[in-house]
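Protein sequence lines, in the order shown, are assigned to chains A and B. For the first sequence, our numbering gives the first residue as 4, with consecutive numbering after it. For the second sequence, our numbering gives the first residue as 1045, with consecutive numbering after it. Glycine residues also receive a C-beta, built at the ideal position from the N, C-alpha and C atoms. Because the structure is a prediction, the values reported are computed rather than measured.
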Amino acid sequence: MNDQQRTAPKVSLEDLLRLKRAERPPAEFWVEFEQNLRAKQLAAIVDKRPWWFGLRSAFKWTVPLGAAGAVAATVMTWNMTTVSQQAPTPSEIPARATELAHAAAQPAESVSTQDEAVLVAQADSQPARAIAITTAPDSHTEADVSVQPAEPARVGTHLASVAEQIAGITSAREVEADSSTRFASVSSTTPADAPSFGAFFERAVAQLDAGFRPARQPSVEPLTQVQSPGDARRARLLAFTSPVDSHSPQYTNASNVIRSRERITNRLNDEALYDSIRRLGVMGNGVSIQF
Amino acid sequence: MNVGSKALDKALVASPERQAEADTDWRVVQRVQSGELAAFDQLILKYRERVYGVVYNMTSNREDAADLTQDAFIKAFQSIHRFQGQSSFFTWLYRIAVNSTLTHLRKAKLRTFFSFEKISEEDKTSELIGLLTDKSGADRELFVKELQEKLNEAMQKLSIKHRTVVTLFEIDGLSHEEIAEIMDCSVGTVRSRLHYAKQILQAELQSYTRL
């Protein structure tokens, strides 16, 4: 090593890096810099930031969490709404029917509900009609208890509305143990030649069955009988019980009624109804049924 | 003997001076927050060269450095009402500038266009260059330009975060604690990144160093 190299000052990396401090723009650069900065400042003042701009950092994590909570609340609300829209449970109908039954069986008592007053008034004027509402087994029924005279042999809205009330009352009877006594006392006023309630039931069910079983032999145009299943119709039919003999000792058997109700319910779900409608067709004078 | 390093160290602000500078800045900021917007110009004039230097050494592009420095001052102006004096103003301003530059560099990774500022030969710089070369005249200018390109090329070999640490510590002269506050990391992380970056730069610039 020569003397020059031995005595040469050292140059470190830090010295080289600090050399970069000397990299500076000329003075005229800052004139243009100031002008551009002023222009950007004015543009920033004119172009106001949205009101939520300053909240971004504050709600960095709360927004996603809140969104997740909102989604969960929406799902829960939807589930609850779906459940509440379902058909009323059988327990709800007997409660209402019980009120009506009590009012009809005890006409001397003052009643507060409007329905009960109507029933009592009608019982006085038309005993058969009132009894049809309150006592299922021993009285005849009318097509429309509240207004119209009895026309028992009709499948349609009249029968459906009557069936709904009767079915509700009968199910209430089955739940309460002392109801039969009350009904028996009322039924004693029934006219002797009144048609059997059970027979009417059987006929009504048979006609309903024919309307919703296209596989049977339709005597009339199937499409004229088949109606669009609606919630109201389904609700009425769900209250319909199976046709049982009114004198049968098993009449008060709740399990039979429940099974019948389930059977009808299964038939009357939307899918079955639409499927039955699709399988029907009319060609000229004939009816086609697809399997 | 390391030429210039002791003198440069003297130029760096010591802790009491840094504290005094922070107090002065805080009074100006309060004036701005009270509605005296023209007071913000004082802060711009005071820190524009330092902020520009940091951004330039991170980007090695003067046009980008100018735009990013202006954006940093605009953001600081818009957010001045949120500054509560918990840190010094220049640390807060540096953080804005560094974050903006890091965001820009991440977006423009594929674009490597260098445009260098001319090295102004002050006393210290001239002395250092004299140590590196005994050339003069045009040859000296050519050597300086070549050295400048080599320096920036070596800096570009570092990652964005390593380059930032080297810029703030070696070029701007900030302490490890100040760098940790600006980059929102620990002091240990700063030391670790600095050590690694120097190893890379040493390998790249060994032909210029004389240890």
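| query | result |
| --- | --- |
| C-beta neighbour in chain B for A:Ala47, strict 8 Å | yes |
| Minimum length 3: unbroken beta strand (DSSP E) runs contained in the region 1221-1252 of chain B | none |
| Cα-Cα separation between B:Lys1189 and B:Lys1205, rounded to whole angstroms | 26 Å |
| 7 Å CB neighbourhood of A:Leu45 in its chain, flanking five on each side removed | none |
| Contacting positions in the region 24-43 of chain A - beta carbon closer than 7 Å to chain D | Protein chains A and B are contained in the structure displayed, whereas chain D is not. |
| Cβ contact check for the region 1087-1099 of chain B and the region 1134-1148 of chain B: 3 or more pairs under 8 Å | yes |
| Beta-bridge pairing of B:Asn1105 - partner residues as DSSP gives them | B:Ser1159 |
| First and last residue of the uninterrupted alpha helix (DSSP H) at B:Phe1187 | Ala1182 to Gln1200 |
| Cβ pair B:Ala1110, A:Phe36 closer than 8 Å | yes |
| Test: A:Val14 CB closer than 8 Å to a CB of chain B | yes |
| Within 8 Å, strictly: CB atoms of B:Gln1224 and B:Val1234 | The question names Gln, but residue 1224 of chain B in the sequence shown is Ala. Yes; because the gap between Cβ atoms is below 8 Å, this pair is in contact. |
| B:Ala1120 versus B:Asp1108 - alpha carbon distance | 18 Å |
| B:Gly1217, enclosing alpha helix (DSSP H) - first and last residue | Where B:Gly1217 is concerned, there is no enclosing alpha helix (DSSP H), given that its DSSP letter is neither H nor E. |
| Nearest-angstrom Cα separation, counted from B:Lys1151 out to B:Thr1145 | 10 Å |
| A:Ala153 to A:Arg206 span [Cα, whole Å] | Low confidence applies here, because A:Ala153 scores a pLDDT of 45, under 50, leaving its location unreliable; read the following figure in that light. Each residue's Cα considered, the two are about 15 Å apart. |
| Same chain, Cβ closer than 6 Å to A:Arg27, neighbours up to 5 away in sequence not counted | none |
| Nearest-angstrom Cβ-Cβ length linking B:Tyr1252 and A:Leu19, presumed shorter than 8 Å | 6 Å |
| Environment of B:Gln1114 [buried if 16+ CB atoms lie within 10 Å] | buried |
| CB-CB length for B:Leu1202 against B:His1148, believed under 8 Å | Between B:His1148 and B:Leu1202 the Cβ distance is about 16 Å, and since that is not below 8 Å, they are no contact. |
| Proximity below 8 Å, CB of B:Gln1246 to CB of A:Leu22 | no |
| C-alpha distance - B:Gly1129 paired with A:Leu68, whole-angstrom precision | 32 Å |
| Contacting residues, own chain, Cβ-Cβ under 8 Å from A:Asp196 (five flanking each side not counted) | Its pLDDT being 49, under 50, A:Asp196 is placed unreliably by the model, and nothing is read from it. |
| Sequence-distant residues of its chain with Cβ nearer than 8 Å to B:Ile1088 (five each side left out) | Phe1117 |
| Chain-ordered neighbours of A:Leu20 on chain B, where CB pairs are closer than 8 Å | Leu1195, Val1210, Glu1214, Ile1215 and Leu1245 |
| Neighbouring residues, chain A, relative to B:Thr1169 (Cβ below 7 Å) | Leu22 and Ala25 |
| B:Trp1070 beta carbon less than 8 Å from that of B:Phe1134 | no |
| For A:Glu26: DSSP bridge partner residues | B:Ile1163 |
| Three-way DSSP call (helix, strand, coil) for B:Ser1203 in this model | coil |
| Cβ-Cβ distance between B:Arg1075 and B:Ala1064 below 8 Å | no |
| Within-8 Å CB hit, B:Glu1185 to chain A | no |
| Beta-carbon proximity of B:Ile1226 to B:Leu1212, cut-off 8 Å | yes |
| Below-8 Å beta-carbon distance, B:Phe1134 vs any chain A residue | no |
| Short CB-CB distance (under 8 Å) between B:Glu1161 and chain A | yes |
| Per-residue DSSP class, three states only, for B:Gln1074 | helix |
| Closest Cα partner of B:Tyr1091 within the set A:Trp64, A:Ala42 and A:Trp33 | A:Trp33 |
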